[in-house]
Every structure is written in structure tokens, then in C-alpha cells.
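> Residue numbers (my numbering), protein chains in the order written: chain A, 697 to 814; chain B, 697 to 814; chain C, 697 to 814. Just so it is clear, CB atoms sit at the ideal spot from N, CA and C, and this is done for glycine as well. Owing to the predicted nature of the structure, the values given are computational and were not obtained by experimental measurement.
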Amino acid sequence: MNIERFGVVQRRAEMVLHAHTLYIGGQVASDTSADIEGQTREVLLGIERLLESVGGDRTHLLTVRILLARREDYAGLNRVWDAFFPFGHAPARACTLAELIDPAWRVEMIATAALPNR
Amino acid sequence: MNIERFGVVQRRAEMVLHAHTLYIGGQVASDTSADIEGQTREVLLGIERLLESVGGDRTHLLTVRILLARREDYAGLNRVWDAFFPFGHAPARACTLAELIDPAWRVEMIATAALPNR
Amino acid sequence: MNIERFGVVQRRAEMVLHAHTLYIGGQVASDTSADIEGQTREVLLGIERLLESVGGDRTHLLTVRILLARREDYAGLNRVWDAFFPFGHAPARACTLAELIDPAWRVEMIATAALPNR
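#1: Can you find a CB in chain C that lies within less than 7 Å of the CB of B/Y719?
#2: My assumption, with CB atoms under 8 Å, is that A/V724 sits in contact with A/E804. Please give the rounded CB distance.
#3: For C/G772, is the classification buried or exposed, using 16 other Cβ atoms within 10 angstroms of its Cβ as the cut-off for buried?
#4: What residues in its chain sit with their C-beta under 6 Å from that of B/D798, if we drop five residues either side in the sequence?
#5: Restricting to runs no shorter than 4 residues, where is the alpha helix (DSSP H) found entirely within the segment 752-810 of chain B?
#6: Between A/F780 and chain C, is there a C-beta pair that is closer than 7 Å?
#7: Hey, quick one: how far does the alpha helix (DSSP H) through C/I732 stretch, first residue to last?
#8: Given that B/N774 touches chain A, what residues does it touch there, using C-beta distances under 8 Å?
#9: Who are A/H716's beta bridge partners in DSSP?
#10: Starting from the beta carbon of C/E804, find every residue of chain A whose beta carbon is closer than 9 Å, and list them in chain order.
#11: Please state whether DSSP places A/R707 in a helix, a strand or coil.
#12: Measuring only from the beta carbon, is C/E733 closer than 6 Å to any heavy atom that is part of the ligand PLP?
#13: Between the segment 722-751 of chain A and chain B, which residues of the former have CB atoms less than 9 Å from a CB of the latter, in chain order?
#14: Of all the CB atoms in chain B, is at least one closer than 7 Å to the CB of C/A800?
#15: State the Cα-Cα distance for the pair A/D769 and A/I732, rounded to the nearest angstrom.
#16: Taking Cβ to Cβ, would you say B/V760 is nearer than 7 Å to B/A715?
#17: A/I720: which of A/D727, A/V704, A/A730 sits nearest, CA to CA?
#18: Our contact map puts B/V712 next to C/L746 with C-beta atoms below 8 Å; I'd like the distance itself, whole angstroms only.
#19: Taking C-alpha atoms, which residue in B/T755, B/E744, B/V776 lies nearest to B/P782?
#20: Name the residue from A/I699, A/A709, A/L740, A/A730 whose alpha carbon lies nearest to the alpha carbon of A/W777.
#21: Take the Cβ of B/G722 as the centre, count every other Cβ of all protein chains shown within 10 Å, and call the residue buried at 16 or more, exposed below.
#22: Please return the same chain residues whose Cβ sits closer than 8 Å to the Cβ of C/I699, not counting the five positions on each side in sequence.
#23: Ignore the nearest five residues each way along the sequence and tell me which others in A/A800's own chain have a CB closer than 7 Å to its CB.
#24: Using the C-alpha atoms, what's the distance from B/P787 back to B/D753?
#25: In chain A, which residues lie less than 9 Å from B/L796 when you measure between Cβ atoms?
#26: I want to verify the contact list: residues of chain B whose CB lies under 7 Å from the CB of A/D704, in sequence order.
#27: Quick one: which chain A residues come within Cβ less than 9 Å of B/H716?
#28: List, in chain order, every chain C residue whose beta-carbon is nearer than 7 Å to that of B/R767.
#29: Can you find the residues in the same chain that come closer than 8 Å, C-beta to C-beta, to A/E710, ignoring five residues on each side of it along the sequence?
#30: Counting only Cβ pairs nearer than 9 Å, list the residues of chain B close to A/R701.
#31: Would a check of beta-carbon distances place A/A810 closer than 7 Å to chain C?
#32: Closest Cβ-Cβ distance between C/L758 and chain B: below 7 Å?
#33: Whole angstroms is fine: what's the gap from C/Q735's alpha carbon to C/P812's?
#34: Going by other Cβ atoms of all chains shown within 10 Å of its Cβ, with 16 needed for buried, is C/A790 buried or exposed?
#35: Go through its chain and collect everything with a Cβ distance to C/L793's Cβ below 8 Å, but skip five positions before and after it.
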């Protein structure tokens, strides 16, 4: 069936592989006391850790959908984001405001990535 | 061109196939008098029916993006969702709150799936 | 690594190609004085221009995620959308309301498309 799942619990797989493409479910920060810069950093590093588990890194991201809880956090999100990606390796992205399930989350990201050649 | 479309009307295809991947448009319940459990069940079964039309089922889902109209429906959504997937076969998922086009809809899902081997 | 990026700036690629699939980041209108019909037209034509840069057109779209700022714009969005696609070539789509980053934007679209045979 050509589907490989990673980080499996009853409710979801954290990452799914199919046809050389990796699909990562909604990622949020566990340290919800952190401000937007801290939460953004934790989310991006968490996504990278998932990619590293299959031999990839941040440069393999294809798309990131960003859901931001508060408009005033947009500048802080971008400060961390822009520093995270080496020039020429940022994914396609879209960012809108959204009410997140846990009001303590200030940002959630949904990503897809290319499977690195193994 | 290698694109196959299913459930075609002027405005959209209900499902599109490309490169062994199935893309399903936003799915909602037609019985909008149902509560969150009823609407969740109808949406999930509707998605499975689309997959069955190409020889698949719920275990072929790769990702589901869940848009929930009301935060207090989160527990009911998850009760139906968790019972729906055999352990180890749930997709990557992300769930946020959103205002849906028809205020009678309590949940909308957008899914991708793997084409079963035929 | 098999990732090709188009329209690259520090923050993002406007379009990314991987495994015969094109991923387009969030597209909005630059003429924010336009009404919903004008903004919808500009966004759809902007997406088509990206596809034309790799030899495609509107019929190569697989999915479009529509984020609409105001419910009362739904009819105007659909008037332009329905006229845009030749019958049988519309993508899978999902449309919900969302608060967009710039309050002058009335619609944002996130698209995926099939790479045309070259």
C-alpha cells in the first residue's frame, strides 16, 4: 500500500510518507509559557526533528501552512522564521489567523516535505 | 496530463487523482440537524465512500485537515474519530477552529489519500 | 534532492516543484482597493501566471484552498470562480472564512497543481 507512518498513536500519525512526500500533522509548542518567538522556534525545530528521523532537514520542506492566534505576533513569527531558513531553501508558505484548539498555543504549523534520497 | 477527476460539477471536482495521490475537497454533512458526533460520522463515511470508488478505504488516508466551528465540539469530534480508525491507520491530522460557510455545519474536513494499488 | 523552487525570497518560495506536483504558497491581490470579484480575478490569474511559467495553465490545478475574509463575499467569489474554469477542469476545493493577515485582503488562495508533461 506504500504508506509509512511515524509517531503513531490512536488518533493520528505524526508524519506519513507516500510517493516520496512526507506529510506532517499540526505541530504546536509544548512550552506554552513561551512567547511567539519561543513557540515558533520550538515548532520549527520539532518539524526538523521529524525530518531528521528520515535523513532530512529544514531544506526539505515543500510547504508550511502557518496558523497564528494573534495578529500582533506576526512580526515575531517572521523574525524567527526568516532566521531559520538558509536563503533559497524556504518552502512555499501561507499564514492566516485562526483560533487554535488550546488558547495557550500562539502558532500551529502544518508541513509537507520531500523525502531525501536515501 | 495525468489528472483524473471524480464527482465533477462546474465549481469543483469532489476528488482529484494525480501521481498516485488523491485530493478530496472540503467535505461537510448534508444532515445539518445532526450533532457533532452525527456530522463527524457522516463526513468520515462520505470520505470513505469516495475512496471506495477507487478501491480504497479509511486506511488509505494520508492527511485530514479538520475545521471545527465550535470549541465545545472537540470532545465529540474525537470520540467518533478515535473509534473510526483501526490502531496504526489514522492519518496525520490538524484541527483548528474556523467559521464555516454554512453556519449549520459543525465540522468540515479536507483530506488526501494514497491511491490503492490496482 | 529533487526540489525546484520558483519566486524565491528570504521568507518563501512562491512555488515549489517536487514529484511532478507544484505547491503554490498563499496568493492574495496586490490591488486591495478592488472588490471581491476584482481580488478573486487577480488571485486566480496570478496562480495561472505561475503555472504558465512551467508550461501549464488553470486546467492543471489539483486543489485550491480558499480563505475568505467576509461571508457576504461568497457569491461574488463564486461568480468569478465559476466563469474561470472550463467545465470539467475545476480543482477540488474547500472554502472557509478566515481572518487574513492584511485586513484589506478579501480572499487568499493556496493551490497545488500537476506539472504539465514537458
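Based on what the coordinates show:
#1: As a first step, residue 719 of chain B must be located in the second sequence, where it is residue number 23. At least one chain C Cβ lies under 7 Å of B/Y719.
#2: Here the question's residue 724 of chain A lines up with position 28 in the first sequence. Here the question's residue 804 of chain A lines up with position 108 in the first sequence. Indeed they touch by this definition, with Cβ atoms about 5 Å apart.
#3: Looking up residue 772 of chain C in the third sequence gives position 76. C/G772 comes out buried.
#4: As a first step, residue 798 of chain B must be located in the second sequence, where it is residue number 102. Result list for B/D798: empty, nothing under 6 Å.
#5: 770-780
#6: Residue numbering aside, residue 780 of chain A sits at position 84 when the first sequence is read from its first letter. No, A/F780 does not count as interfacial toward chain C.
#7: Counting from 1 along the third sequence, the entry for residue 732 of chain C is found at position 36. First-last of the alpha helix (DSSP H) with C/I732: 732-748.
#8: The sequence position of residue 774 of chain B within the second sequence is 78, counting from 1. Within chain A, the residues near B/N774 are R707.
#9: The residue labelled residue 716 of chain A in the question sits at position 20 within the first sequence. For A/H716, which the question treats as bridged, DSSP gives no partner whatsoever.
#10: Stepping through the third sequence from its first residue, residue 804 of chain C is reached at position 108. Within chain A, the residues near C/E804 are A790, T792.
#11: The count along the first sequence starts at 1 and reaches residue 707 of chain A at position 11. If DSSP states are grouped into helix, strand and coil, A/R707 belongs with coil.
#12: In the structure on display, the ligand PLP does not appear, and there are no ligands present to speak of.
#13: G722, Q723
#14: Here residue 800 of chain C corresponds to residue number 104 of the third sequence, with the count starting at 1. No, C/A800 lies away from the interface with chain B (no Cβ there is under 7 Å from its Cβ).
#15: Within the first sequence, numbered from 1, the residue matching residue 769 of chain A stands at position 73. Within the first sequence, numbered from 1, the residue matching residue 732 of chain A stands at position 36. Roughly 6 Å separates the two Cα atoms.
#16: The residue given as residue 760 of chain B occupies position 64 in the second sequence. The residue given as residue 715 of chain B occupies position 19 in the second sequence. No, the pair does not count as a contact, with Cβ atoms beyond the cut-off.
#17: Within the first sequence, numbered from 1, the residue matching residue 720 of chain A stands at position 24. Here the closest residue by C-alpha is A/V704.
#18: Along the second sequence, read from residue 1 onward, the residue named residue 712 of chain B stands at position 16. Along the third sequence, read from residue 1 onward, the residue named residue 746 of chain C stands at position 50. That pair is no contact at about 18 Å.
#19: Position 86 of the second sequence holds residue 782 of chain B. That would be B/T755, whose Cα lies nearest to the Cα of B/P782.
#20: For the purposes of this step, residue 777 of chain A is identified with residue 81 of the first sequence, where counting begins at 1. Answer by Cα proximity: A/L740.
#21: What you label residue 722 of chain B is simply residue 26 of the second sequence in a count that begins at 1. When all chains shown are included, B/G722 counts as buried.
#22: By one-based count along the third sequence, residue 699 of chain C stands at place 3. Closer than 8 Å at the Cβ level, and outside the excluded window around C/I699, lie V712, L713, H714.
#23: Taking the first residue of the first sequence as position 1, residue 800 of chain A is located at position 104. Closer than 7 Å at the Cβ level, and outside the excluded window around A/A800, lie T728.
#24: Looking up residue 753 of chain B in the second sequence gives position 57. Looking up residue 787 of chain B in the second sequence gives position 91. Taking the straight line joining both Cα atoms gives about 12 Å.
#25: Stepping through the second sequence from its first residue, residue 796 of chain B is reached at position 100. The contacting residues do not exist; B/L796 stays about 13 Å from chain A at best.
#26: As a position in the first sequence, residue 704 of chain A is number 8, starting the count at 1. For clarity, residue 704 of chain A is Val in the given sequence; the question names Asp instead. The contacting residues are G784.
#27: In the second sequence, the residue the question calls residue 716 of chain B occupies position 20. Here the neighbours are N698, H714, A715.
#28: Working through the second sequence from its first residue, we reach residue 767 of chain B at position 71. Ordered by position in chain C, no residue passes the 7 Å Cβ test against B/R767, which lies about 16 Å from the chain.
#29: Your numbering for residue 710 of chain A matches position 14 in the first sequence. F702, G703, V704, I720, G721, L746.
#30: On the first sequence, position 5 is the one that residue 701 of chain A refers to. By Cβ distance, chain B contributes G784, H785, A786, P787, A788.
#31: Here residue 810 of chain A refers to the residue found at position 114 of the first sequence. Yes, its Cβ sits closer than 7 Å to a Cβ of chain C.
#32: On the third sequence, position 62 is the one that residue 758 of chain C refers to. Closer than 7 Å: yes.
#33: Here residue 735 of chain C corresponds to residue number 39 of the third sequence, with the count starting at 1. Here residue 812 of chain C corresponds to residue number 116 of the third sequence, with the count starting at 1. Between C/Q735 and C/P812, the C-alpha separation is close to 27 Å.
#34: Counting from 1 along the third sequence, the entry for residue 790 of chain C is found at position 94. C/A790 comes out buried.
#35: Counting from one through the third sequence, the residue named residue 793 of chain C turns up at place 97. So the list reads L763, L764, A765, R766, R767, once near-sequence residues are dropped.
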